[in-house]
Amino acid sequence: MKEPKKIGMLTPSSNTALEPICSRMLHDVPEVTCHYSRFEVTKISLEQDSLSQFNMEPMLRAAELLAHAEVDVIAWNGTSGGWIGFDVDRKLCEEITKRTGIPATTSMLSQIRAFKEHDIKSVHLVTPYIPEINRLIAEQYKNECGIETVNSSGLNITHNRSFSLVPQERIEEQIKEVTVSPAEALSIVCTNFPAVAKVNYYEEKYKLPMYDTINVLIWECLKMVDIEPANVKGWGELFSRATVNE
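Spelled out as structure tokens, the structure:
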């Protein structure tokens, strides 16, 4: 029997959302399995003690542990590149591959790749983060990708564990708040934020495709291991949308 392709994911230590969501997302895709390695992340802010959590060495050590399982791709299932810099994510991927010989990606790089492939030029941004982080994400979208953030909403939370406890009712309030103006897509940034668990409901009700930093990472990883993303059913328009730009 042929061994499934293996996706290795670097996971924030206090994250409780992404692993069960990824498992559910790939439930009907037996050709691939997910494997996780954690490193310490407990706080999301622009203070130095928070930023230092994303120093590369702990992430690289976690990646080396995933390499022991001979995974086919290593993905940083986190969004720090959104405020630290997409170039930092690119450098992380280079260092992971240099250290392990395994190709790598991140949630934020996967998201901007999906925006490009699907010709998305304007988004509404929803996160649980502080306003300053939302502003930095929007600036990067504009400067790196030419994407306009029309409206944004955050919850001013910094405790990473608390992100997963935000109820869907509160998330929907945020989505309703931002979608008063036209945009081409909904960007959900945070991999410990359970918005994507109701992706079909939100897409149908608010008439926008959802590019969540969890589902975009799965989409990208499947492409990297030569599995058709359309095999994932029920987790958003992303998986079945045709490529516009290579």
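In our numbering, the protein residues as written are 583 to 828. For each residue, glycine too, the CB sits at the ideal point set by N, CA and C.
Taking the alpha-carbon of residue i as reference, which of the options has the nearest alpha-carbon?
i, options, result
"residue 767", "749, 739, 711 and 798", "798"
"residue 771", "608, 746, 613 and 786", "746"
"residue 623", "614, 646 and 593", "593"
"residue 653", "733, 591, 732 and 808", "591"
"residue 639", "675, 651, 616 and 611", "675"
"residue 612", "725, 753, 584 and 727", "584"
"residue 647", "670, 621 and 735", "621"
"residue 759", "737, 802, 742 and 778", "737"
"residue 713", "791, 665 and 780", "665"
"residue 607", "822, 820, 816 and 823", "816"
"residue 789", "778, 693, 776 and 764", "764"
"residue 809", "615, 682 and 595", "615"
"residue 829", "703, 679 and 671", "Any question about residue 829 goes unanswered here, given that the chain covers just 583 to 828."
Quick check on the burial criterion: 16 or more other C-beta atoms within 10 angstroms. Buried or exposed for residue i?
i, result
"residue 756", "buried"
"residue 769", "buried"
"residue 543", "It is not possible to answer for residue 543, since the shown part of the chain is limited to 583 through 828."
"residue 701", "exposed"
"residue 735", "buried"
"residue 630", "exposed"
"residue 802", "buried"
"residue 634", "exposed"
"residue 822", "exposed"
"residue 720", "buried"
"residue 716", "buried"
"residue 762", "exposed"
Mind checking which residues open and close the alpha helix (DSSP H) that includes residue i?
i, result
"residue 663", "663-666"
"residue 640", "638-650"
"residue 600", "600-607"
Just to confirm, is the Cβ distance from residue i to residue j under 9 Å?
i, j, result
"residue 699", "residue 795", "no"
"residue 627", "residue 709", "no"
"residue 818", "residue 782", "yes"
"residue 659", "residue 707", "no"
"residue 641", "residue 668", "no"
"residue 587", "residue 651", "no"
"residue 705", "residue 730", "yes"
"residue 637", "residue 742", "no"
"residue 657", "residue 605", "no"
"residue 778", "residue 603", "yes"
Along the chain, where does the beta strand (DSSP E) containing residue i start, and where does it finish?
i, result
"residue 620", "614-621"
"residue 628", "No beta strand (DSSP E) contains residue 628, which DSSP labels as neither H nor E."
"residue 707", "704-708"
"residue 698", "Here residue 698 belongs to no beta strand (DSSP E); instead the alpha helix (DSSP H) covers 689-699."
"residue 611", "From DSSP, residue 611 is part of no beta strand (DSSP E); its letter is neither H nor E."
Of all the beta strand (DSSP E) runs that stay within the bounds of the segment 717-802, which reach a length of 3 or more residues? 730-735, 767-770 and 792-794
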